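Residue numbers (our numbering): 5 to 191.
All C-beta atoms, glycine included, are put in the ideal place defined by N, C-alpha and C.
Given the structure is predicted, the values throughout are model-derived calculations rather than measurements.
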């Protein structure tokens, strides 16, 4: 069985040497801002064309669904696009974010990935407050690894800046303590 880890790194997710980069996308895979725009710039025409092809064949990406495209010029062979919640009072934002994270990890496993880079989904233009978002994402990653032993070897929670990486660290520490009291299967 593979050793499995959930780690936190600070840096540019578009430069990650992983099998899959998760993209915090919009429904139409229009990569106009934030992480999606950075991935489009780094991934190039092949990435953009495959995004357009996916939407043409499948329609908009629905909540709880993942779209898988090639990475183009990215180091990652695949990009898994998920649509996280647009943060709104009165809706179950945590459940919607957990669903997006789970869809991303399930799709990553579906392409036989070993390593996945996960951003702070929904915490940018979708308005999800950073601390609660990173807590939910970290906890769901730890839960997924525990429920799927030996499937993914590493999930990297990637914060572009120190603030986001630190928020992921706090979320991972909390998730590890709550979901896996001895820290088994996570680092």
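Our two residues, residue 98 and residue 49, have alpha carbons roughly 34 Å apart in a direct line. Burial state of residue 13 is exposed, judged by a 10 Å Cβ sphere holding fewer than 16 other Cβ atoms. Ranking 26, 152, 37 and 174 by CA distance to the CA of residue 130 puts 37 first. Cβ atoms of residue 80 and residue 22 come within 8 Å of each other, at about 5 Å. Note that the C-beta distance between residue 86 and residue 29 is below 8 Å.
Per DSSP, residue 138 is one residue of the alpha helix (DSSP H) stretching across 134-151. Taking 3 residues as the shortest admissible run, the stretch 35-76 contains the following complete beta strand (DSSP E) segments, listed from N- to C-terminal end: 70-74.
About 18 Å separates the CB atoms of residue 10 and residue 134; that is not less than 8 Å, and the two are not in contact. Relative to residue 116, the option among 68, 82, 139 and 94 whose CA is nearest is 82. Residue 60 is classed as exposed because its beta carbon has fewer than 16 other beta carbons within 10 Å across all chains shown. In this structure, residue 178 lies near residue 139, with their beta-carbon atoms less than 8 Å apart. Taking 8 Å as the upper bound for CB-CB distance, residue 113 and residue 156 are in contact here, some 6 Å apart.
In the three-state reduction of the DSSP assignment, residue 17 falls in the helix class, which pools H, G and I. Spanning the alpha carbons of residue 88 and residue 102 requires a straight line of approximately 9 Å. Residue 84: member of the beta strand (DSSP E) spanning 82-86, first to last residue. When beta bridges are read from the DSSP output, residue 158 appears opposite 9 and 119. Comparing C-alpha distances from residue 95 to each of 56, 39, 8 and 132 shows the shortest one belongs to 132.
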